[in-house]
Amino acid sequence: LTPGNPKWKRNNLTYRILNYTPKMRQADVDEAIQKALSVWSNVTQLTFQKIEDKEADIMISFAYRDHRDNSPFDGPNGQLAHAFQPGEGIGGDVHLDEEEAWTKGGRGYNLFIVMAHELGHSLGLSHSNDPGALMYPTYSYTDPNEFRLPQDDIDGIQAIYGKSNAPVQPTGPVTPQACDPNLTFDAITTFRGEIIFFKNRYMLRKHPERTETELNFISTFWPKLSSGIQAAYENVERDEVLFFKEDKYWVLRGFDILPGYPKPIYHLGFPKTVKRVNAAYSDETTGKTYFFIADRYWRYDERKKSMDHGYPRKIVSDFGKIGRVDAAFQKDGYIYFFHKTTQFQFDPRAKRIVGQMKSISWFNC
Amino acid sequence: FPVAPEAEDEGQTLQLVESYLQNFYNLQRDHQPHLRKHSENPLVAKLKEMQEFFGLQVTGKPDLDTLEMMKKPRCGIPDIGQYM
Numbered sequence: 001l002t003p004g005n006p007k008w009k010r011n012n013l014t015y016r017i018l019n020y021t022p023k024m025r026q027a028d029v030d031e032a033i034q035k036a037l038s039v040w041s042n043v044t045q046l047t048f049q050k051i052e053d054k055e056a057d058i059m060i061s062f063a064y065r066d067h068r069d070n071s072p073f074d075g076p077n078g079q080l081a082h083a084f085q086p087g088e089g090i091g092g093d094v095h096l097d098e099e100e101a102w103t104k105g106g107r108g109y110n111l112f113i114v115m116a117h118e119l120g121h122s123l124g125l126s127h128s129n130d131p132g133a134l135m136y137p138t139y140s141y142t143d144p145n146e147f148r149l150p151q152d153d154i155d156g157i158q159a160i161y162g163k164s165n166a167p168v169q170p171t172g173p174v175t176p177q178a179c180d181p182n183l184t185f186d187a188i189t190t191f192r193g194e195i196i197f198f199k200n201r202y203m204l205r206k207h208p209e210r211t212e213t214e215l216n217f218i219s220t221f222w223p224k225l226s227s228g229i230q231a232a233y234e235n236v237e238r239d240e241v242l243f244f245k246e247d248k249y250w251v252l253r254g255f256d257i258l259p260g261y262p263k264p265i266y267h268l269g270f271p272k273t274v275k276r277v278n279a280a281y282s283d284e285t286t287g288k289t290y291f292f293i294a295d296r297y298w299r300y301d302e303r304k305k306s307m308d309h310g311y312p313r314k315i316v317s318d319f320g321k322i323g324r325v326d327a328a329f330q331k332d333g334y335i336y337f338f339h340k341t342t343q344f345q346f347d348p349r350a351k352r353i354v355g356q357m358k359s360i361s362w363f364n365c
Numbered sequence: 366f367p368v369a370p371e372a373e374d375e376g377q378t379l380q381l382v383e384s385y386l387q388n389f390y391n392l393q394r395d396h397q398p399h400l401r402k403h404s405e406n407p408l409v410a411k412l413k414e415m416q417e418f419f420g421l422q423v424t425g426k427p428d429l430d431t432l433e434m435m436k437k438p439r440c441g442i443p444d445i446g447q448y449m
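Protein sequence lines correspond, in order, to chains A and B.
Each residue of the first sequence is one higher than the one before, starting from 1 at the first, in the numbering used here.
Each residue of the second sequence is one higher than the one before, starting from 366 at the first, in the numbering used here.
Okay, structure coming up:
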């Protein structure tokens, strides 16, 4: 919240678009701004009416370098935009740096994302230090079609304007905290010596030699894979990582998705009855990859590039009581299975569970 | 004399750090810039404030993670205080 708690005295606000950028179709600019306004009206009782002529509460314009508000822009990149806290005159106004590469997609800077952030300021919010929050100071792309206002921002705006009228209060994604004992994972894979833990639209990167854990948006590295990865494994021999989401999979070499992907998982030999993969790991010594689906598992031969015969088998028959597998990876000869907040260490030589830990044991909590 | 590369780098680094802290952490523009001076000068104090905000290691020095964060495209509004 902003010191002094500036806020609009009424809920029905007006906005006006003073000019347009030549880098986008006018209709796309209108749509991006309208969608950005709805981010905030969806979670409060605020309404926004577009006006074309008079002075509006929120005046939106594209501006160049020194535009006489004592806060000159700095050319491409750097500062993208700014806005003023609620108040008369310049209060509430949004200025966008005309020299930025404004777009409606993932290239350049997505106008919807930046606009939604700046409108947070126009309504009285300051910056959040939650790296997953919309009001975090630095830019990060989220597909507008998949965008959901994070809980941190909902809490902030409702602290100023109260809750929405909706029968069910809206909620938003919460940024994973590495040492949250309730943290569970969607998928985990090794990756060139690191371990990457996937959760919603985030990835936590852990390098064995570094104490701290790095939190990133998945889209920072793989814009096309913005969230919801369900299984992943590394084929060390081929320096590839495979990601699974619903009935598709992607192959990545380094940070690049190989052309021709995604492909249907049925290309690997799964029957059509399989709709998604829960977890996977690959044993680099045997070249065998294990896929876990519900209470069964398949084994795939990376060298023959086909499923082994005699599968699927019951997980409990060969791996013991590890329940449904959320995620798995192999490290230093052991297999680590994750089931909710519990982690099992499995010794494939002894063919039995040799340890049980919290799922967050890798984060030096 | 031609500026030695590291000295030039240091000059650029100091400039980047200084303008970032002036823009977003209300560092006064008339302070004397010394990254090395031992007593806690305003620039080091503001640098620590920025590192604290972003959850970086609070070193008071322009380390790699800090400089990387400063180079990220962002909103022009300060991270602290009002934005009248």
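No residue lacks a Cβ here, since even glycine has one placed at the ideal position from N, Cα and C.
Just so it is clear, the structure is predicted and the values come from calculations on it, not from any experiment.
Do you know offhand how far GLU383/B's Cα is from THR424/B's? By 1-based counting over the second sequence, the position of residue 383/B is 18. By 1-based counting over the second sequence, the position of residue 424/B is 59. Their backbone Cα atoms lie some 16 Å apart in a straight line.
Contact with chain B by TYR139/A, beta-carbon distance below 9 Å: The residue you call residue 139/A lines up with position 139 of the first sequence. Cβ-Cβ to chain B under 9 Å: yes for TYR139/A.
In the region 324–349 of chain A, which residue ranges form an unbroken beta strand (DSSP E) of at least 3 residues, counting only runs that do not cross its ends? If only uninterrupted beta strand (DSSP E) runs of at least 3 residues are considered, those enclosed by the region 324–349 of chain A are 327–331, 334–339 and 342–347.
Rank PRO173/A, GLY269/A, ASN278/A and VAL325/A by C-alpha distance to the C-alpha of ASP308/A and give the top, closest one. Numbered from its first residue, the first sequence carries residue 308/A at position 308. Comparing Cα positions, the closest option is GLY269/A.
Any idea which residues DSSP pairs VAL241/A with across the strands? Indexing the first sequence from 1 puts residue 241/A at position 241. Note: VAL241/A sits in a beta bridge opposite GLU234/A and LEU252/A.
To the nearest angstrom, how far is the alpha carbon of HIS67/A from that of PHE73/A? The residue you call residue 67/A lines up with position 67 of the first sequence. The residue you call residue 73/A lines up with position 73 of the first sequence. Approximately 8 Å between the Cα atoms of the pair.
Contact between the region 253–264 of chain A and the region 284–299 of chain A (3+ Cβ pairs under 8 Å): Fewer than three beta-carbon pairs drawn from the region 253–264 of chain A and the region 284–299 of chain A are found closer than 8 Å, and the two stretches are therefore not classed as touching.
How would you call PHE366/B, buried or exposed, if buried means at least 16 neighbouring beta carbons within 10 angstroms? Against the second sequence, residue 366/B aligns to sequence position 1. With a pLDDT of 43 at PHE366/B, under the threshold of 50, the predicted position of this residue should be treated as unreliable, though the coordinate-derived value follows. Its Cβ having fewer than 16 others within 10 Å, PHE366/B is exposed.
Would you mind working out which of GLN85/A, LYS275/A and SER359/A sits nearest LYS340/A, comparing C-alpha positions? Walking along the first sequence from the start, residue 340/A turns up at place 340. When each option's Cα is compared against that of LYS340/A, the closest is SER359/A.
So which of VAL29/A, GLN34/A, GLN345/A and ASP326/A has the shortest CA-CA distance to ILE188/A? Sequence index remark: in the first sequence, residue 188/A carries index 188 (1-based). Checking every option, the nearest Cα to that of ILE188/A belongs to ASP326/A.
In the DSSP assignment, what are the bridge partners of GLN34/A? What you label residue 34/A is simply residue 34 of the first sequence in a count that begins at 1. In the DSSP assignment, GLN34/A forms no beta bridge with any residue.
Under 9 Å, Cβ to Cβ, is there at least one residue of chain A near ASN391/B? For the purposes of this step, residue 391/B is taken as the residue at position 26 of the second sequence. Answer no: the Cβ-Cβ gap between ASN391/B and chain A never drops below 9 Å.
According to DSSP, is PRO264/A part of a helix, a strand, or is it coil? Here residue 264/A is taken as the residue at index 264 of the first sequence, counted from 1. Residue state for PRO264/A is assigned as strand, using DSSP reduced to three classes.
Decide if the region 133–150 of chain A is in contact with the region 98–112 of chain A; the criterion is three or more beta carbon pairs, one per stretch, under 8 Å apart. yes
Any beta carbon from chain B within less than 9 Å of PHE48/A's own beta carbon? Working through the first sequence from its first residue, we reach residue 48/A at position 48. Residue contact with chain B for PHE48/A: absent (no Cβ-Cβ distance below 9 Å to any residue of chain B).
Measuring only between beta-carbons, confirm whether LEU18/A sits less than 9 Å from chain B. Numbered from its first residue, the first sequence carries residue 18/A at position 18. So no, LEU18/A is outside the interface.
Assigned exposure category for VAL241/A - 16 Cβ within 10 Å defines buried: Residue mapping note: residue 241/A aligns to position 241 of the first sequence, counting from 1. So VAL241/A counts as buried.
Quick check on the burial criterion: 16 or more other C-beta atoms within 10 angstroms. Buried or exposed for HIS207/A? The count along the first sequence starts at 1 and reaches residue 207/A at position 207. Exposed, since its Cβ has fewer than 16 Cβ neighbours within 10 Å.
Inter-residue Cα distance where the pair is ARG439/B and LEU96/A: Locating residue 439/B in the second sequence gives position 74, where the first residue counts as 1. Locating residue 96/A in the first sequence gives position 96, where the first residue counts as 1. Between ARG439/B and LEU96/A, the C-alpha separation is close to 12 Å.
Are at least three pairs of beta-carbons, each pair with one atom in the region 11–29 of chain A and one in the region 127–134 of chain A, less than 8 Å apart? No, they do not touch.
Thinking just about the alpha-carbon of each residue, which of LEU252/A, ARG238/A, SER128/A and ASN278/A is nearest to the one in LYS305/A? Position 305 of the first sequence, counting from 1, holds the residue named residue 305/A. Residue ARG238/A is the option with its Cα nearest to LYS305/A.
Which chain A residues are close to LYS437/B, counting only those with a beta carbon under 8 Å from its beta carbon? In the second sequence, residue 437/B corresponds to position 72, counting from 1. By Cβ distance, chain A contributes THR138 and TYR139.
Please classify PRO367/B: does DSSP put it in a helix, a strand, or coil? Within the second sequence, residue 367/B is the residue found at index 2, counting from 1. For PRO367/B, the pLDDT reaches just 49, beneath the cut-off of 50, and the residue's location in the model is therefore unreliable, although a value from the coordinates is still provided. If DSSP states are grouped into helix, strand and coil, PRO367/B belongs with coil.
What are the start and end residues of each continuous beta strand (DSSP E) run of 3 or more residues lying completely inside the region 81–105 of chain A, in chain order? 94–97
Taking Cβ positions only, does ASP444/B come closer than 9 Å to chain A? Numbered from 1 along the second sequence, position 79 holds the residue referred to as residue 444/B. It does; some Cβ of chain A falls within 9 Å.
Bridge partners for LEU215/A per DSSP, in chain order? Looking up residue 215/A in the first sequence gives position 215. Beta-bridge pairing by DSSP links LEU215/A to LEU204/A.
Give every residue of the same chain whose Cβ lies closer than 6 Å to the Cβ of MET415/B, excluding the five residues on either side of it in the sequence, and list them in chain order. Stepping through the second sequence from its first residue, residue 415/B is reached at position 50. The beta carbon of MET415/B sits closer than 6 Å to the beta carbons of TYR390 from its chain, once the five residues preceding and following it are set aside; these are given in chain order.
ASN110/A - partner residues in DSSP beta bridges: Start at 1 with the first residue of the first sequence, and residue 110/A comes out as number 110. Answer by DSSP bridge pairing, in chain order: THR103/A.
Starting from VAL354/A, follow the beta strand (DSSP E) in both directions and report where the run begins and ends. Working through the first sequence from its first residue, we reach residue 354/A at position 354. Element bounds for VAL354/A: 352–358.
Chain A beta carbons: is any one of them nearer than 9 Å to that of ASN406/B? Within the second sequence, numbered from 1, the residue matching residue 406/B stands at position 41. Answer no: the Cβ-Cβ gap between ASN406/B and chain A never drops below 9 Å.
Along the chain, where does the alpha helix (DSSP H) that runs through MET415/B open and close? Translated into the one-based positions of the second sequence, residue 415/B becomes position 50. Residues 407–418.
For GLU100/A versus ALA81/A, is the C-beta distance shorter than 9 Å? As a first step, residue 100/A is located in the first sequence; it is residue number 100 there, counting from the start. As a first step, residue 81/A is located in the first sequence; it is residue number 81 there, counting from the start. Yes, these two residues count as a Cβ contact at 9 Å.
Any contact between the region 313–328 of chain A and the region 150–168 of chain A? By contact I mean 3 or more CB pairs, one from each, below 8 Å. no
Taking C-alpha atoms, which residue in PHE418/B, LEU379/B, GLU417/B and GLY441/B lies nearest to ASP69/A? Residue 69/A sits at position 69 when you count from the first residue of the first sequence. Closest option to ASP69/A, Cα to Cα, is GLY441/B.
Helix or strand or just coil, what does DSSP make of SER317/A? As a first step, residue 317/A must be located in the first sequence, where it is residue number 317. Note: SER317/A maps to helix in three-state DSSP.
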